[in-house]
Every structure is written in C-alpha cells, then in structure tokens.
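Step one of this worksheet: look at the structure below.
Residue numbers (my numbering): 1 to 433.
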C-alpha cells in the first residue's frame, strides 16, 4: 500500500521535531557575582585624575555649561568638552571608586564614592582636585543589581564584582526558551535584565550661583544652600553654603525602596519602588511630607510640569512583578495626588519633559516622543519612535536632546520633535567620535 500525501507530511513533521530535540541550542547571558572586600583607605587613595578613556558601562549624564559628565558605573566620571556638540572631546577621567551620582554648583563637583561624599574643584576640567569630603555617610547601595554594604567594624566595603558572559548550550527544544530581555541567573532563576541610569535636576540655585542639569533618575539634587541625596530609605541633607566644604546636615526617614529625587519649584518629588512621595520644601532645611501616590511595586523615575507628574513604572531586577506603563498624575492638590490615566509601555526608563513634548526612554526598544497636550490621548499622539537606539535616560535642553543608553551617548537636534536629527554619538568602546 502506497502512503498517502497526508501520511508523508506527518512523517516529515515528526522527523523534523525529533531532529529539533536532538540539535536545539540556546544562547544565554549569565550574570556572575563574586564577593570582594575593599578597605576605605584603599578606596580613598584611588581617587585621582587620569587620561581620557573609552566608555565601557555608561551610567548617569550631567551637563554644566560647555562640559558633560558621563558616569562610568562604579568607576568614576568622564569629563567631556561639549562646546562643539558635533564633536565632543574627552578631556579627562576622574577615577572615583564606587561612583554612581553627581551634581555641580559653580566650579564644585559633588560625587559619591561608596560611603563618602567628595567635593572636587573642576575649575580646570583637565585636573579636578579634591577639596572636601564627608566620610561614611552612605551605608549601602546597589550597582547593576549587586548590593554593597559598609562593614564599619573593619572599615571596609563588602561588594560584589559583576561579570556577564555569553554561553551557547544544547538543550531539548521542549524546554522553555530564553525570552527576549531575560537572562538565566545563578541558581537557575528567571530574572529580567535592568540597569538603572540616573542624573540630577536642579531648578533652584542659591543666589549668585550656577547649577548643572541632569535627567530623571536622580539620586542627587541641588536646592538653595543644600545638596539632597536619597538612599534606600532616607533623604540626606548636606549644607553647601561653603560649596568647597560640604557638611552633613540632617537625615529624613522616608520609607523603603527610595530610588529618585526630582525638585520642582519649592517641592520635592521622590520616586520609590512603591510610590511617589511629595515633600514641601519651602523651608529647604526641613522638608515636610505632604502626600504619597501609591502604586504596585515598580521601578519609577518622575518628572513634573505645572500640575502634572509623569511617572514611568517598569519591570526589572528589584521590581520584576510590575507593570510597564506611563502614569499621568494630577498634582493640582499636592495633598491628594490623583491618577489621570495610565498608558501601557514596553519597558520605560528615564524621561524628560519640554512641554508639550515628552521624551520617554524604552531601553532596548528605543526612544519615544509624545505630545502630551491631551492628557487622555497621549497614546494617540506619538510623534516619533526611534527604535534603533538603546535609551535609558534623557535630558531635554529645548532644541537639543541628550540621551544615554548601554550602547553609548547621543546628542540630537530636537528642533522638530517629529524628526530628531542625530548630532553626534559616543559609542561604547570609544573615547571620541
């Protein structure tokens, strides 16, 4: 009896499936964390100015005058002359172990170095000099999902060295494949890749002073005669009335999972993994809580324009059960913030507002530009979606847009938000255009 065409097709399909079970391969990115202990004495001796180096793992971005600062996660700061945005020029690298944040007032740069706050004079950007330090004020922190803590008994930092490696392994095709954006962690647990990048915003300088500007995922912010920094559960105030000699002033306990700070007029908007805290800062030396806008556990930066707060929520390493969305929040009554509308997103990170234009970073999914005039129709007013870039945080300077992602640093001409034009790019692995 001759086999029918249907039987032949079935035989081919079953043979193909059997072959797949024998030959299926998966490529996995494995994150490995190795414990390390480093003394504070060694860390403090390591702060120095070095020759320019290539970008490796860019983090926060900050702009002051004609200069850019790009954080090299956990290692220090790239100092870049941006007087010609089409050809930014690296001038130096400040080696600052354990660095993640920065802020600049006049010619003084403030940066964290694990437990310490350091002040550097950058009058000559090619030769920054340490002029002040407040020791042992930060007790713990997190870089790339790896926690560090201060071991006070021996004067050392307990940290974790993070390394990624790619593995290609043979598997049974019936096993669950690695989903896009996921990696296989140690211990066999599914986790979402997420690196947070941040910088600082400064709406109110002290009289006669000039502050820099950064993006939405800030942990440092300048206001009046104070530098504010947020940790996992508190707001720390530093008196910088003498800019070169910062002094620890006070600590305000807030809550758990504090992530970002955004000062706007005389208010502080503090993002956490469980909500947005609003503080009255009319007395800069004594911020008072006004209200909390609560949401499900999620990583969230926030920016504010007039009576609306724009908050992104995303899934990630410490907030992997969250929704990916953009929330518009009515803050006309600061004591009773109310949700206007939520908009589904892919994996939103940093954002910046130049009303009516909102720029929103979508990580590996690119950069989105919205017109937010209609608060109930933001999704219908997508002006552009630049999919070919990796976008984590963004700073709008009006007609110019600065953006950083894991593949490098970008500058765009934003004269027409519908058609952003790339001015320059510093890719990872390069110290020049």
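We put the CB at the ideal spot given by N, CA and C, even for glycine. All values reported here derive from a predicted model rather than from experimental measurement.
Subject >> Own chain partners of residue 47 with C-beta closer than 7 Å, once the 5 adjacent residues on each side are dropped >> reply: Mapped onto the chain shown, residue 47 falls at position 47. Contacts found: 95, 96, 113, 118, 130.
Original post:
With distances taken from CA atoms, which of 304, 254, 339 is nearest residue 353?
Top reply: Numbered from 1 along the chain shown, position 353 holds the residue referred to as residue 353. That would be 304, whose Cα lies nearest to the Cα of residue 353.
Original post:
In the structure shown, what three-state DSSP assignment does residue 41 receive?
Top reply: What you label residue 41 is simply residue 41 of the chain shown in a count that begins at 1. DSSP places residue 41 in helix when its eight states are reduced to three.
Subject >> Straight-line Cα distance separating residue 269 from residue 72 >> reply: For the purposes of this step, residue 72 is taken as residue 72 along the chain shown, with counting starting at 1. For the purposes of this step, residue 269 is taken as residue 269 along the chain shown, with counting starting at 1. Between residue 72 and residue 269, the C-alpha separation is close to 26 Å.
**OP:** Tell me residue 276's beta-bridge partners as DSSP assigns them.
**Re:** As a first step, residue 276 must be located in the chain shown, where it is residue number 276. Beta-bridge pairing links residue 276 to 271, 293.
Original post:
Looking only at C-alpha atoms, which of 256, 266, 148 sits nearest to residue 292?
Top reply: The sequence position of residue 292 within the chain shown is 292, counting from 1. Of the listed residues, the one whose Cα sits closest to residue 292 is 256.
Original post:
Is the segment 221 to 240 in contact with the segment 416 to 425, if contact means three or more CB pairs nearer than 8 Å?
Top reply: no
Original post:
Under a three-way DSSP split, which group does residue 213 fall into?
Top reply: Position 213 of the chain shown, counted from the first residue, corresponds to residue 213. It is a strand residue.
Subject >> Cα-Cα separation between residue 127 and residue 286, rounded to whole angstroms >> reply: As a first step, residue 127 is located in the chain shown; it is residue number 127 there, counting from the start. As a first step, residue 286 is located in the chain shown; it is residue number 286 there, counting from the start. Each residue's Cα considered, the two are about 36 Å apart.
Original post:
Excluding sequence positions up to five away, which residues of its chain have a Cβ less than 7 Å from the Cβ of residue 39?
Top reply: Looking up residue 39 in the chain shown gives position 39. 155, 156.
**OP:** Would you mind sorting residue 50 into buried or exposed? The rule is 16 or more other CB atoms within 10 Å of its CB.
**Re:** Here residue 50 refers to the residue found at position 50 of the chain shown. Counting Cβ neighbours within 10 Å, residue 50 comes out exposed, since fewer than 16 surround it.
Original post:
Expressed to the nearest angstrom, what Euclidean distance is found between the alpha-carbon atoms of residue 288 and residue 223?
Top reply: What you label residue 288 is simply residue 288 of the chain shown in a count that begins at 1. What you label residue 223 is simply residue 223 of the chain shown in a count that begins at 1. If you take the alpha carbons of residue 288 and residue 223, they lie about 15 Å apart.
Original post:
Between the segment 384 to 400 and the segment 348 to 368, do at least 3 Cβ pairs fall closer than 8 Å?
Top reply: yes
Original post:
Starting from residue 92 and walking both ways along the beta strand (DSSP E), at which residues does that stretch end?
Top reply: Counted from its first residue, the chain shown places residue 92 at position 92. That run of the beta strand (DSSP E) goes 89 to 95.
Original post:
Nearest-angstrom Cα distance between residue 323 and residue 313?
Top reply: Translated into the one-based positions of the chain shown, residue 323 becomes position 323. Translated into the one-based positions of the chain shown, residue 313 becomes position 313. Each residue's Cα considered, the two are about 6 Å apart.
**OP:** Label residue 190 either buried or exposed according to how many other C-beta atoms from any shown protein chain fall within 10 Å of its C-beta, with 16 as the threshold for buried.
**Re:** Within the chain shown, residue 190 is the residue found at index 190, counting from 1. With a pLDDT of 23 at residue 190, under the threshold of 50, the modelled position of that residue is not reliable, and no figure is offered here.
Original post:
With a Cβ-Cβ cutoff of 8 Å, do residue 400 and residue 85 count as a contact?
Top reply: Locating residue 400 in the chain shown gives position 400, counting from the first residue. Locating residue 85 in the chain shown gives position 85, counting from the first residue. For residue 400 and residue 85, yes; Cβs fall inside 8 Å.
Original post:
CB-CB under 6 Å to residue 36, same chain, minus the five flanking residues each way: which ones, in chain order?
Top reply: By one-based count along the chain shown, residue 36 stands at place 36. Answer for residue 36: 159, 161, listed in chain order.
Subject >> Span of the beta strand (DSSP E), counted from its first residue to its last, around residue 355 >> reply: Translated into positions along the chain shown, residue 355 becomes position 355. No beta strand (DSSP E) holds residue 355; DSSP gives it neither H nor E.
Original post:
Who are the Cβ neighbours of residue 350 in its own chain at under 7 Å, not counting the five residues just before and after it?
Top reply: Counted from its first residue, the chain shown places residue 350 at position 350. These residues qualify, in order along the chain: 197, 215, 216, 217, 301, 361, 392, 393, 394.
Original post:
Between residue 429 and residue 77, what straight-line distance do the alpha-carbon atoms span, to the nearest angstrom?
Top reply: Sequence index remark: in the chain shown, residue 429 carries index 429 (1-based). Sequence index remark: in the chain shown, residue 77 carries index 77 (1-based). The straight-line gap from Cα to Cα measures roughly 15 Å.
Original post:
If we ignore side chains and look at the alpha-carbon of each, how far apart do residue 64 and residue 106 end up?
Top reply: Along the chain shown, read from residue 1 onward, the residue named residue 64 stands at position 64. Along the chain shown, read from residue 1 onward, the residue named residue 106 stands at position 106. Near 9 Å, if we compare the C-alpha coordinates of residue 106 and residue 64.
Subject >> residue 393 - DSSP class collapsed to helix/strand/coil >> reply: Residue mapping note: residue 393 aligns to position 393 of the chain shown, counting from 1. Three-state DSSP puts residue 393 in a strand.
Original post:
Going by other Cβ atoms of all chains shown within 10 Å of its Cβ, with 16 needed for buried, is residue 414 buried or exposed?
Top reply: To locate residue 414, count along the chain shown from 1; it is residue 414. Buried, by the Cβ-count rule.
**OP:** In angstroms with no decimal places, state the Cα-to-Cα distance between residue 115 and residue 308.
**Re:** Here the question's residue 115 lines up with position 115 in the chain shown. Here the question's residue 308 lines up with position 308 in the chain shown. C-alpha separation (whole angstroms): 35 Å.
Original post:
Which residues in the same chain have their Cβ closer than 8 Å to the Cβ of residue 66, if we skip the five residues on either side of it in sequence?
Top reply: To locate residue 66, count along the chain shown from 1; it is residue 66. These residues qualify, in order along the chain: 81, 82, 83.
Subject >> Selected residue, minimal CA-CA separation from residue 225, among 45, 148, 211 >> reply: On the chain shown, residue 225 is found 225 positions in, with the first residue counted as 1. Answer by Cα proximity: 211.
**OP:** Would you check if the distance between the CB atom of residue 410 and the CB atom of residue 425 is smaller than 8 Å?
**Re:** The sequence position of residue 410 within the chain shown is 410, counting from 1. The sequence position of residue 425 within the chain shown is 425, counting from 1. Yes, Cβ-Cβ distance for residue 410 and residue 425 is below 8 Å.
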